[in-house]
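I have placed the structure first, in the form of structure tokens, so that the comments after it can refer back to it.
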Amino acid sequence: MSPLPDRYCPTDGVRVPSDSLAWCCPSCHGPLDLDFAPTPAPLKSLSGRVNSLWRYAETLPLAQPTVSLGEGRTPLVTLTDEVSAKLDYLMPTLSFKDRGAVLLAQLAQRVGPTRVVADSSGNAGTSIAAYCARARLPCTVYVP
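Numbering of the sequence shown is given in numbering that gives the first Met the number 0, commencing with residue 0 and proceeding in unit increments.
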């Protein structure tokens, strides 16, 4: 299993270890970023891979997939010469938010909280609940 990337505060440079459950910078309370540089996906080998976000595992901060509902790889349809549309309503929960929710559930499974709590008034809550269920993690979504 690959190690989890550490996090850092882009504002003041404070580093937070991967095993910390801190969700913001302990110094300035700003958001944390992952200390992660993605590796480009090897385009020639993509054709035989699983049809989900994990087909691009090299580019993701959590490379060993254990959670998936078949998210990702939605069609890109050309509408005009200058406009294309990504058909993300074909995702498992009908939302592009599945891409983030699958990583959240994967991370929660690795870090080991007793439950996941989220607030959402829409698609994020649906997606987080679905992926937590897939990961067998108790999840409560509060609607503000």
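Beta carbons: idealized from backbone N, C-alpha and C, even for Gly.
No experiment lies behind these values; they were computed from the predicted model shown.
I'd like to confirm the pairing. Which residues does DSSP put opposite residue i in its beta bridges?
i      : result
Arg114 : DSSP, once it has assigned bridges, lists no residue as partnering Arg114.
Asp32  : Tyr7
By DSSP, does residue i sit in helix, in strand, or in coil?
i      : result
Leu75  : strand
Leu106 : helix
Val15  : strand
Val101 : helix
Trp22  : coil
Glu70  : coil
Thr176 : Residue 176 falls outside the range modelled here, since the chain spans only 0 to 143, and no answer is possible.
Lys96  : coil
Ser51  : coil
Ser46  : helix
Locate the beta strand (DSSP E) running through residue i, then write down its first and last residues.
i      : result
Cys138 : Cys138 to Tyr141
Ala129 : No beta strand (DSSP E) contains Ala129, which is instead part of the alpha helix (DSSP H) from Asn122 to Arg133.
Ser83  : Ser83 to Lys85
Is residue i buried or exposed, if buried means 16 or more other CB atoms sit within 10 Å of its CB?
i      : result
Asp156 : Residue 156 lies beyond the residue range present for the chain, which begins at 0 and ends at 143; the question has no answer from this structure.
Cys24  : buried
Tyr130 : buried
Ala134 : buried
Ala104 : buried
Ser67  : buried
Leu136 : buried
Ala128 : buried
Val115 : buried
Among residues of its own chain, excluding the 5 on either side of residue i, which ones have a beta-carbon nearer than 8 Å to its beta-carbon?
i      : result
Ser26  : Cys8, Asp11 and Val13
Val142 : Asp118, Ser119, Ser120 and Gly124
Leu3   : Ser17, Asp18, Pro60, Leu61, Leu106, Arg109 and Val110
Given residue i, which residues of its chain have a CB within under 7 Å of its CB, disregarding the five upstream and five downstream residues?
i     : result
Asp5  : Arg14, Val15, Pro16, Ser17 and Asp34
Glu70 : Ser51, Leu52, Met90, Pro91, Asp97, Arg98 and Val101
Thr73 : Lys85, Leu86, Asp87, Leu89 and Met90
Leu75 : Ser83 and Lys85
Leu78 : Ala84
To which residues of the same chain is residue i closer than 6 Å at the C-beta, ignoring the five residues directly before and after it?
i      : result
Asn122 : Ser94 and Lys96
Tyr55  : Ala40
Pro64  : Trp53
Using a C-beta cutoff of 7 Å, does residue i count as contacting chain D?
i      : result
Ser126 : Chain labels in this structure do not include chain D; a single protein chain is all it has.
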